[in-house]
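If you read the protein sequences in the order shown, they are chains A and B. Numbered according to the numbering used here, the first sequence spans residues 8 to 232. Numbered according to the numbering used here, the second sequence spans residues 8 to 232.
Number of protein chains: 2
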Amino acid sequence: MRVLVVEDEVALAASVKRGLEADGFAVDVAHDGVDGLWRAQETAYDVVVLDLMLPGMNGFQVCRRLRAAEVWTPILILTAKDGELDETEALDTGADDFLTKPFSHLVLVARLRALLRRGAPARPAVIAAGDLRLDPAGRRCWRGDIEIALTARELSVLEHLVRHAGQVVSKRDVLDHVWDDDFEGDPNIVEVYVRYLRRKVDIPFGRTSIETVRGSGYRLAADGG
Amino acid sequence: MRVLVVEDEVALAASVKRGLEADGFAVDVAHDGVDGLWRAQETAYDVVVLDLMLPGMNGFQVCRRLRAAEVWTPILILTAKDGELDETEALDTGADDFLTKPFSHLVLVARLRALLRRGAPARPAVIAAGDLRLDPAGRRCWRGDIEIALTARELSVLEHLVRHAGQVVSKRDVLDHVWDDDFEGDPNIVEVYVRYLRRKVDIPFGRTSIETVRGSGYRLAADGG
DNA sequence: CCGCATCCTCAGCCCGGGTTCAGGAGCAGC
DNA sequence: GCTGCTCCTGAACCCGGGCTGAGGATGCGG
Chain A
8 MRVLVVEDEV
18 ALAASVKRGL
28 EADGFAVDVA
38 HDGVDGLWRA
48 QETAYDVVVL
58 DLMLPGMNGF
68 QVCRRLRAAE
78 VWTPILILTA
88 KDGELDETEA
98 LDTGADDFLT
108 KPFSHLVLVA
118 RLRALLRRGA
128 PARPAVIAAG
138 DLRLDPAGRR
148 CWRGDIEIAL
158 TARELSVLEH
168 LVRHAGQVVS
178 KRDVLDHVWD
188 DDFEGDPNIV
198 EVYVRYLRRK
208 VDIPFGRTSI
218 ETVRGSGYRL
228 AADGG
Chain B
8 MRVLVVEDEV
18 ALAASVKRGL
28 EADGFAVDVA
38 HDGVDGLWRA
48 QETAYDVVVL
58 DLMLPGMNGF
68 QVCRRLRAAE
78 VWTPILILTA
88 KDGELDETEA
98 LDTGADDFLT
108 KPFSHLVLVA
118 RLRALLRRGA
128 PARPAVIAAG
138 DLRLDPAGRR
148 CWRGDIEIAL
158 TARELSVLEH
168 LVRHAGQVVS
178 KRDVLDHVWD
188 DDFEGDPNIV
198 EVYVRYLRRK
208 VDIPFGRTSI
218 ETVRGSGYRL
228 AADGG
């Protein structure tokens with residue numbers, strides 16, 4: 008695991024480096040924002056530890072620039088102040104976690120490992136069944152290269168189907184996962200949305216990805232039909 | 008995707024609910040630990056967001072109880088304090104991730120999606136007797152590589168036979184396991200379905216996997232015929 | 001305020017398939 | 001072979017799950 012530590016306080020940087028190396032990390036250190044930004048772009052680090060207060064370019068800027076450059080390496084922000092503003096701003100700039108100084112070595116390692124466990128955020132985060140792709144975060148959907156316009160509900164229903172591709176999901180199941188607790192309407196709504204979906208993702212392409220399993224529910228073909 | 012938010016601060020809960028709904032989640036809210044525990048057990052949520060500081064029962068307790076009750080829904084813990092103890096303890100009690108308040112909406116959503124992505128890996132769970140395979144969850148059946156279309160009843164009957172392959176199962180037994188308790192119709196129905204099955208899984212393949220044991224019942228050949 | 005997209009309701013239709021039934025075939029004992 | 005079972009088989013009935021089109025309600029942007 009390769010870590011980049013961007014920290015201008017030499018003593019602290021050295022201490023962190025030593026600690027992390029003892030825990031089996033390979034550690035590089037940058038002492039200012041510009042250098043940190045450069046290294047983070049040039050090298051495929053598994054995680055970046057980024058101080059906020061830096062000479063030249065501060066942590067926020069580094070973070071934003073990295074994300075702008077499509078670098079999605081997990082970033083843990085270090086902040087001296089315990090200001091709410093710092094924290095929210097840090098996370099809004101695309102950081103994945105933050106830690107307030109002073110911090111214990113144990114916590115730092117725990118958080119780094121947590122970030123690593125999650126792995127690179129795989130920003131697109133699309134799920135797929137065959138050539139039917141779906142980006143839950145971006146609320147988009149494609150059949151092959153063709154993007155399909157889906158409404159929020161349609162996409163939610165399809166998302167649930169894609170996440171269980173190959174398995175039969177009952178209408179009750181869809182209802183429970185896509186609609187609120189307090190939905191007490193006509194369960195027929197599921198059939199209606201399946202129909203909407205078929206009209207958009209199957210029929211125009213001459214496919215049959217959403218199969219009806221009479222008496223049980225629906226099944227999205229694992230290969231997308 | 009169905010989310011349960013357990014959070015006693017009404018304003019925060021409402022804000023989170025609104026935010027998540029805008030991102031296409033179906034959100035239920037519980038305002039104390041007892042309610043949260045109850046709902047999380049009763050409903051198949053895809054993920055639970057759990058505040059630590061709760062009236063009645065705190066987040067740790069809720070988390071531990073859920074795991075003790077064999078509920079493995081991913082849990083994201085929210086903590087106000089930035090205590091080292093909180094974090095490690097949270098992960099020890101079976102939580103899957105934690106987030107320190109205040110947090111940005113973006114980060115919350117990103118983490119929830121990360122948890123969902125890790126979600127249940129869709130186990131195949133097929134049962135078989137020789138080259139006769141059957142996927143109870145997917146409601147599908149194959150003889151070798153050839154898929155066989157079975158109706159719900161047919162598949163239920165065959166499933167019971169496959170689960171007892173090599174043993175004789177009586178008609179009464181099949182009736183009891185496949186049909187409702189209150190079924191008081193013609194027991195001949197079992198014979199009828201055995202016939203349907205033979206027509207689909209045996210005859211076209213020149214096999215005899217379902218043997219009649221006169222006076223006792225039927226036996227599915229352990230090697231699939 | 002109007003128009004449009006989205007979400008949901010409703011009622012009618014169709015057909016798959018679960019069940020029943022009656023008669024025929026096969027097996028066992030005499 | 002005859003009798004009395006059990007089991008097989010084909011056809012017919014009919015219920016209800018699933019599909020569909022139309023239209024009302026709601027909310028949002030212009």
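We treat Cβ as the ideally placed atom computed from N, Cα and C, and that holds for glycine. Predicted, not measured: the structure shown is a model, and the values here were computed from it.
is_contact[residue i, chain A] using C-beta, thresh 8 Å
| i | result |
| --- | --- |
| B/L31 | Here residue 31 of chain B turns out to be Gly, not Leu, going by the sequence shown. Yes, B/G31 counts as interfacial toward chain A. |
| B/D53 | yes |
| B/D35 | yes |
| B/R150 | no |
| B/L27 | no |
| B/T80 | no |
| B/M8 | yes |
Below-8 Å beta-carbon distance, residue i vs any chain B residue
| i | result |
| --- | --- |
| A/Q68 | no |
| A/P109 | no |
| A/G137 | no |
| A/H184 | yes |
| A/A228 | no |
| A/V220 | yes |
| A/V23 | no |
| A/G173 | yes |
| A/P143 | yes |
| A/D42 | no |
| A/A159 | yes |
| A/D209 | no |
| A/S177 | no |
| A/D188 | yes |
Residue i classed as buried or exposed, judged by whether at least 16 other C-beta atoms fall within 10 angstroms
| i | result |
| --- | --- |
| A/E14 | buried |
| B/S163 | buried |
| A/P81 | buried |
| A/I155 | buried |
| A/I217 | buried |
Same chain, Cβ closer than 6 Å to residue i, neighbours up to 5 away in sequence not counted
| i | result |
| --- | --- |
| A/E28 | V34 |
| A/V220 | V175 and R226 |
| B/R140 | V133 and W149 |
| A/D188 | none |
Other residues of its chain near residue i: CB distance less than 7 Å, five sequence neighbours each side excluded
| i | result |
| --- | --- |
| A/F32 | M8 and V10 |
| B/A47 | L11, V55, L73, V78 and T80 |
| A/H167 | V176, V181, H184 and V185 |
| B/M60 | A87 |
Opening and closing residue of the beta strand (DSSP E) in which residue i lies
| i | result |
| --- | --- |
| B/V41 | Careful: B/V41 lies outside any beta strand (DSSP E), inside the alpha helix (DSSP H) at G40 to E49. |
| A/L227 | G224 to L227 |
| A/A29 | Careful: A/A29 lies outside any beta strand (DSSP E), inside the alpha helix (DSSP H) at V17 to A29. |
Residue i: first and last residue of the uninterrupted alpha helix (DSSP H) it sits in
| i | result |
| --- | --- |
| A/R179 | K178 to V185 |
| A/L165 | A159 to R170 |
Same chain, Cβ closer than 8 Å to residue i, five either side skipped, listed in chain order
| i | result |
| --- | --- |
| A/A20 | V12, E14, V36 and H38 |
| B/L122 | V54, P81, L83, D103 and D104 |
| B/R118 | L83, D104 and L106 |
query: Does the segment 174-185 of chain A come within contact of the segment 49-61 of chain B, defined as at least 3 CB pairs closer than 8 Å?
result: yes
query: Should the segment 213-229 of chain A be regarded as contacting the segment 170-177 of chain A, the criterion being three or more beta carbon pairs within less than 8 Å?
result: yes
query: Does the segment 141-161 of chain A touch the segment 194-212 of chain A, meaning 3 or more C-beta pairs lie closer than 8 Å?
result: yes
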